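A.B. asks: Can you read through this structure? Questions will come right after.
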Amino acid sequence: ELKVEQNPLFLSMQEGKNYTIYCNYSTTSDRLYWYRQDPGKSLESLFVLLSNGAVKQEGRLMASLDTKARLSTLHITAAVHDLSATYFCAVDNSGGSNYKLTFGKGTLLTVNP
Amino acid sequence: NAGVTQTPKFRILKIGQSMTLQCTQDMNHNYMYWYRQDPGMGLKLIYYSVGAGITDKGEVPNGYNVSRSTTEDFPLRLELAAPSQTSVYFCASSTRTGPYEQYFGPGTRLTVT
């Protein structure tokens, strides 16, 4: 059974600081997704990582995937208040056939002025 | 292009009642999914479908049923509602070809009392 662990689960940052959220998973997969969820809202796709060594960047967020280590990171650079949200990683556990995802529990990020 | 739509947005059910959560997508996606989200627990897959007439169980299917008679619609049926089914329900869809990311609907917040 695929297990996906995110850490930390809660992160309080000051504006302007850098930090990294980690996503570890337990079985082989080469598809990993990052989503953002604002309070009371739906999930918004941030990054799709489809191969070992994949790196994607959008604004102050950068995601990477190391399939050998079964690890993905979401790096936040010079955080701003607008980045406050819950961030989920999700791993494809279908072996590439039905694209079923297993989600981590999420990281609640709060950026303080 | 509305994407994935869900109705209703909110619903309160009494124990033992039944209801159907509606989900429609207009992106001609083959794959559709139902998730539930409980506080601090991430999303768990209830059922999924890879095309009209084809459905399969996810991680937490007990107490739910689905059908897929068209590409666009994927309703979720709750029979004999129980307090344990109090949750936020998200429908999602994805294409059969890359990058396989899932697009989520706005969610239905269900309370069973």
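Top to bottom, those sequences are chains U and E.
According to the numbering used here, the first sequence holds residues 5 to 117 in order.
According to the numbering used here, the second sequence holds residues 92 to 204 in order.
By construction, the Cβ of each residue, glycine as well, lies at the ideal position given by its N, Cα and C atoms.
This structure is a prediction, so every number in the text was calculated from the model and none was measured.
Could you tell me the alpha carbon to alpha carbon distance between Gly-57 (chain U) and Leu-75 (chain U), rounded to whole angstroms?
C.D. replies: 10 Å
A.B. asks: Whole angstroms are fine: how far does the CA of Arg-168 (chain E) sit from the CA of Pro-99 (chain E)?
C.D. replies: 13 Å
A.B. asks: How many angstroms separate the CA atom of Leu-113 (chain U) from the CA atom of Ile-80 (chain U)?
C.D. replies: 10 Å
A.B. asks: Does Gly-110 (chain U) get closer than 8 Å to chain E when you measure Cβ to Cβ?
C.D. replies: For Gly-110 (chain U), the answer is yes, since a Cβ of chain E falls inside 8 Å of its Cβ.
A.B. asks: Please work out which residues of its chain come closer than 8 Å, Cβ to Cβ, to Met-17 (chain U), disregarding the five sequence neighbours upstream and downstream, and give them in chain order.
C.D. replies: Tyr-23, Ile-80, Ala-83, Leu-113, Thr-114, Val-115 and Asn-116
A.B. asks: What do you reckon, are the CB atoms on Gln-193 (chain E) and Leu-105 (chain U) nearer than 8 Å?
C.D. replies: yes
A.B. asks: So Val-52 (chain U) contacts chain E; which residues on that side make the cut at Cβ distance below 7 Å?
C.D. replies: Pro-190 and Glu-192
A.B. asks: Are Ser-109 (chain E) and Ala-173 (chain E) closer than 8 Å when you measure CB to CB?
C.D. replies: At least 8 Å separates the beta-carbon of Ser-109 (chain E) from that of Ala-173 (chain E).
A.B. asks: Applying a beta-carbon distance threshold of less than 7 Å, which residues of chain U neighbour Ser-185 (chain E)?
C.D. replies: Correct list: Tyr-103.
A.B. asks: Whose CA, out of E:Tyr-155, E:Thr-188, E:Ser-160 and E:Lys-105, lies closest to the CA of Leu-210 (chain E)?
C.D. replies: As displayed, chain E neither begins before 92 nor continues past 204, which places residue 210 (chain E) out of reach and without an answer.
A.B. asks: Since Tyr-191 (chain E) is in the beta strand (DSSP E), which residue starts that stretch and which ends it?
C.D. replies: Counted as a single uninterrupted DSSP element, the stretch harbouring Tyr-191 (chain E) is not any beta strand (DSSP E), since DSSP gives it neither H nor E.
A.B. asks: Thr-90 (chain U) to Ser-185 (chain E), Cα distance in whole Å?
C.D. replies: 22 Å
A.B. asks: Against Pro-99 (chain E), what residues of chain U qualify as contacts under a CB-to-CB distance less than 8 Å, listed in chain order?
C.D. replies: Taking a Cβ-Cβ threshold of 8 Å, none of the residues of chain U is close to Pro-99 (chain E); the smallest such distance is about 15 Å.
A.B. asks: By alpha-carbon positions, which one of U:Val-95, U:Tyr-103, U:Gly-108 and U:Lys-109 ends up nearest to Thr-32 (chain U)?
C.D. replies: U:Val-95
A.B. asks: Any idea if Ala-73 (chain U) is buried or exposed, counting beta-carbon neighbours within 10 angstroms, 16 or more meaning buried?
C.D. replies: For Ala-73 (chain U), the number of other beta carbons within 10 angstroms of its own is below 16, and it is reported as exposed.
A.B. asks: Would you list, in chain order, the members of the segment 31-64 of chain U that have their beta-carbon closer than 7 Å to a beta-carbon of chain E?
C.D. replies: Arg-35, Tyr-37, Ser-46, Leu-47, Ser-49, Val-52 and Leu-54
A.B. asks: Could you tell me whether any Cβ in chain U is nearer than 8 Å to the Cβ of Met-132 (chain E)?
C.D. replies: yes
A.B. asks: With 8 Å set as the bound, which would you pick, yes or no: does the beta-carbon of Phe-165 (chain E) sit closer than that to a beta-carbon of chain U?
C.D. replies: For Phe-165 (chain E), the answer is no, since every Cβ of chain U falls outside 8 Å of its Cβ.
A.B. asks: Take Leu-134 (chain E) as the anchor and find which of E:Lys-105, E:Met-118, E:Val-151 and E:His-120 has the nearest alpha-carbon.
C.D. replies: E:Val-151
A.B. asks: Restricting to runs no shorter than 3 residues, where is the beta strand (DSSP E) found entirely within the segment 16-80 of chain U?
C.D. replies: Annotation: the segment 16-80 of chain U contains the following complete segments of the beta strand (DSSP E) (minimum length 3 residues), in chain order: 23-29, 36-41, 47-53, 59-62, 65-70 and 75-80.
A.B. asks: What does the alpha-carbon distance come out to for the pair Gly-142 (chain E) and Thr-162 (chain E)?
C.D. replies: 6 Å
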